[in-house]
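Read the structure below first, then the notes.
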Amino acid sequence: MAGFIIEKILEVAKEKGLSFAKEKWFENKIKEEITTFDLDFEREVLDCNSFELFLRESNNINKIFEFTYGSFNNKYKSDAEFINEISNEAYNYFNYYKEKIGNIKTDNKDVFYKYFERLIKIINELIFEKLSPESKSIVKLVNKSFSGQNERILNLLEEIKNSQKELNIDVSENEMINSLKSSGLNFTEEKRIKIANGQNIKGEVTVKYNESISKFKNVSELQRYVYFTQKPLNLDLISFKLISGENVIEELLIESNYNGPITKLNFISKGEIELLKKSISDSSSNSKARATLSITPVKEKDKFRINLEDDNYNIVLSNIDLSIEERKMVGKDLVAVLSNKEQEDSLLYIKFIVTFDSKFITNTRVEIIPRKKELAIYHLEKFNLFLKLKSNNSKRLIGRIIDNCEILFEGNFNVEYDDEMLAREIEFVKNVIYIQDKVNIKVDLSKEFTDEDIDEISKLKEIINTGKIELRDRIITAKINQIFNLSNLLPGKEIAITFKSDEKYEIFGHEVDLGTLLYVYSKVKIKSINKETFIGETIEGTKKLCISPKYYGDFTFEEICEREGLN
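Each residue of the sequence shown is one higher than the one before, starting from 2 at the first, in this note's numbering.
Here it is as structure tokens:
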């Protein structure tokens, strides 16, 4: 039976135009889930021809998919209602077929219910798996936040039903719902959240029109505005919706009779949902009170601990403590600076600079600076953050409060380094950290560095790490401080040159003791020579090495030459 169900799921998913139906991960997941699921029922009464005939002949597999993938506005209020109906049909068909062929019927209705409950759960989870992380988060948050309210309403509905039975009054479901509505509770019938075609979910709050908020896109923007301006905001709630594409999949009507102008705001975080939930709950407890979305400013001195996310909602930096650093007027605009200036344990100084005109946020930008510009480890933290942002192709930064997952701000941020430049900067800073540890010097990175400086750092790291570096000199000029027999050293002759130097290696104003350095040139052509000066030119294939025996290892000159192939 598993093979038939797997084949049918894949077939219907493609017919419904699901964007991921042809992807291999979906097929593999279907096979894995359904095969495991089918094994759990193989010893039950369902493992027989009569149940498979029910699925095939009466086309109930299609009915299941029409329920899970199809119209949002179907007649079923919940999964349980649909599962109860189809499991009863399967039970009746099963026993009809058994009686027809002279076999024993079953009275185990429960196993039919469990089968379809599990099958529908698997199909729903497969659709849910393809949603974006943000959509998944919204669906989970709404389910969690409002499940209590739905449960409360259903319990009250059950109480009304029982009380009517006790009084021997026959009352319809709709009459009970109307009775519940008139009790002052803002009631919405329970609806299951359905997700079709892998579409992303968005939340929408509708409030009575208010010109001062008409340009804001979401509740988070309003919260930021209130925080920066320290002005409270009260809005009249009309409705709360979850939307997938053009379909409303969950709706909570707060003021159903209002027909005036409205403003729509998206919501995207747990903090926003909790704020809405409280407003709705407050209105439910008082039938005469209107539901008001109240946003009260947090005190300026309060800190927010946030995670920094890229525009794909990946965390790129954790545990940043933000508070208002400055608020000032620039012309007619209010400029507020939110930063982690007081967070001494953070390597980076992060500033979010928000500009408002008289009513609206007009610009938000982010600055990221090493807290101690002179220290290499602080620069490395900055460049590693930039590397994450570039690899994710992110152009914005999001600050999400850790405690309630609410977005505190979003800001434009562009990494002004191309890939090659960023890689070069990271290598340079890592080299500085390495040599500081090895030779006990401090390099002040607050100063400007030339390409030559960067090259010198790289060479010093190589000497410390390997005991040698390759030289780039093409022309060699040396002073002769002792008398040689020059008769055999004529211009044009090729010779090998070695010499030692006890001079200290100088870098950024520091002298580094590398010990006695040994310079070796395996093949040099003499250009000119006299009793005071030697000038030579290296030729192709010349080995040119500077060797530090202190870091190279405990070898004699001859052993070093042999190891390096200097004959």
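Backbone N, C-alpha and C define an ideal beta-carbon position, used for all residues, glycine too.
### Query
Is the beta carbon of THR264 sitting closer than 7 Å to the one on TYR210?
Position 263 of the sequence shown holds residue 264. Position 209 of the sequence shown holds residue 210. The answer is yes: Cβ separation under 7 Å.
### Message
The beta strand (DSSP E) that contains ILE476, what's its start and end?
### Response
Position 475 of the sequence shown holds residue 476. Run containing ILE476: 476-480, per the beta strand (DSSP E) assignment.
### Query
Just curious, the beta strand (DSSP E) that ARG401 is in, first and last residue?
Residue 401 sits at position 400 when you count from the first residue of the sequence shown. Start and end: 397-402.
### Query
Beta carbon of PHE414, beta carbon of LEU398: below 7 Å?
Numbered from its first residue, the sequence shown carries residue 414 at position 413. Numbered from its first residue, the sequence shown carries residue 398 at position 397. Yes. Within cutoff.
#### Entry: Minimum C-alpha distance to VAL367 - residue among TYR314, HIS511, LEU236 and GLY400
Sequence index remark: in the sequence shown, residue 367 carries index 366 (1-based). Looking at TYR314, HIS511, LEU236 and GLY400, the one whose alpha-carbon comes closest to that of VAL367 is GLY400.
### Task
Would you identify the three-state DSSP class for LYS374, choosing helix, strand or coil?
Stepping through the sequence shown from its first residue, residue 374 is reached at position 373. The answer is coil: DSSP assigns LYS374 none of H, G, I, E or B.
### Task
Leaving out five residues on either side along the sequence, give the residues of the same chain with a beta carbon under 7 Å from the beta carbon of LYS505.
Locating residue 505 in the sequence shown gives position 504, counting from the first residue. Only GLU512, VAL513 and ASP514 meet the Cβ criterion.
### Message
Suppose contacts are defined by Cβ-Cβ distances below 7 Å. Is ILE334 in contact with THR356 by that definition?
### Response
Position 333 of the sequence shown, counted from the first residue, corresponds to residue 334. Position 355 of the sequence shown, counted from the first residue, corresponds to residue 356. The displayed chain sequence assigns Asp, not Ile, to residue 334. Yes, Cβ-Cβ distance for ASP334 and THR356 is below 7 Å.
#### Entry: Simplified DSSP assignment, three categories, for PHE531
For this step, residue 531 is matched to residue 530 along the sequence shown. Note on residue identity: the sequence assigns Asn, not Phe, to residue 531. Correct three-state label for ASN531: coil.
### Task
Compute the distance between the beta-carbons of ILE296 and LEU223, then report whether it is under 7 Å.
Stepping through the sequence shown from its first residue, residue 296 is reached at position 295. Stepping through the sequence shown from its first residue, residue 223 is reached at position 222. Cβ atoms of ILE296 and LEU223: closer than 7 Å.
#### Entry: Separation of ASN89 from ILE105, as counted between CA atoms
Within the sequence shown, the letter at position 104 stands for residue 105. Within the sequence shown, the letter at position 88 stands for residue 89. Taking the straight line from one Cα to the other gives about 18 Å.
### Query
So what does DSSP say about SER459, is it helix, strand or coil?
The count along the sequence shown starts at 1 and reaches residue 459 at position 458. If DSSP states are grouped into helix, strand and coil, SER459 belongs with the helices.
### Task
Give the DSSP-derived three-state secondary structure of ARG473 in the structure shown.
Taking the sequence shown and counting its residues from 1, one reaches residue 473 at position 472. Coil, per DSSP.
### Task
Kindly indicate the opening and closing residues of the beta strand (DSSP E) around VAL416.
Position 415 of the sequence shown, counted from the start, is the residue given in the question as residue 416. First-last for VAL416: undefined, no H or E at that position.
### Query
To which residues of the same chain is TYR435 closer than 7 Å at the C-beta, ignoring the five residues directly before and after it?
Your numbering for residue 435 matches position 434 in the sequence shown. Only LYS462 meet the Cβ criterion.
### Query
Cβ of ASP237 versus every heavy atom of the ligand GDP: is any distance shorter than 6 Å?
Within the structure as shown, the ligand GDP is missing, as the structure has no ligands at all.
### Task
Put GLU541 into one of helix, strand or coil per three-state DSSP.
On the sequence shown, position 540 is the one that residue 541 refers to. If DSSP states are grouped into helix, strand and coil, GLU541 belongs with coil.
### Query
What's the call for PRO550, buried or exposed, on a 16-neighbour Cβ count within 10 Å?
Reading the sequence shown from its first residue, position 549 is the one you call residue 550. It is buried - the Cβ of PRO550 has at least 16 other Cβ atoms within 10 Å.
### Task
Tell me where the beta strand (DSSP E) around ILE1 begins and ends.
Any answer about residue 1 is impossible in this case: the structure gives the chain only from 2 up to 568.
### Alpha-carbon spacing of ILE477 relative to LYS501, whole angstroms
Residue numbering aside, residue 477 sits at position 476 when the sequence shown is read from its first letter. Residue numbering aside, residue 501 sits at position 500 when the sequence shown is read from its first letter. Roughly 14 Å between the two C-alpha positions.
### Task
Report the three-state DSSP secondary structure of GLY4 (helix, strand or coil).
For the purposes of this step, residue 4 is identified with residue 3 of the sequence shown, where counting begins at 1. Reduced to three states, the DSSP call for GLY4 is helix.
#### Entry: Delimiting residues of the alpha helix (DSSP H) encompassing LEU423
The residue you call residue 423 lines up with position 422 of the sequence shown. Segment 420-440, the alpha helix (DSSP H) holding LEU423.
### Task
Indicate the three-state DSSP secondary structure (helix, strand or coil) for TYR520 in the structure shown.
Taking the sequence shown and counting its residues from 1, the one referred to as residue 520 is at position 519. It is a strand residue.
### Query
Starting from LYS501 and walking both ways along the beta strand (DSSP E), at which residues does that stretch end?
Sequence index remark: in the sequence shown, residue 501 carries index 500 (1-based). LYS501 -> beta strand (DSSP E) spans 495-502.
### Message
On the CB-based measure, 16 or more other CB atoms within 10 Å of its CB, does THR69 come out buried or exposed?
### Response
Taking the first residue of the sequence shown as 1, we reach residue 69 at position 68. So THR69 counts as buried.
### Message
Between which two residues does the beta strand (DSSP E) holding ASN267 run?
### Response
Residue 267 sits at position 266 when you count from the first residue of the sequence shown. Unbroken beta strand (DSSP E) run through ASN267: 263-268.
### Message
Using DSSP's beta-bridge definition, name the partner residues of SER295.
### Response
Counting from 1 along the sequence shown, the entry for residue 295 is found at position 294. When DSSP reads this structure, SER295 sits in a beta bridge with ASN235.
### Query
For VAL206, does the three-state DSSP call read helix, strand or coil?
Indexing the sequence shown from 1 puts residue 206 at position 205. Correct three-state label for VAL206: strand.
### Task
Put PHE83 into one of helix, strand or coil per three-state DSSP.
Locating residue 83 in the sequence shown gives position 82, where the first residue counts as 1. Helix, per DSSP.
### Task
Out of GLY332, LYS374, ILE378 and ILE325, state which residue places its alpha-carbon closest to the alpha-carbon of ILE354.
For this step, residue 354 is matched to residue 353 along the sequence shown. Here the closest residue by C-alpha is ILE325.
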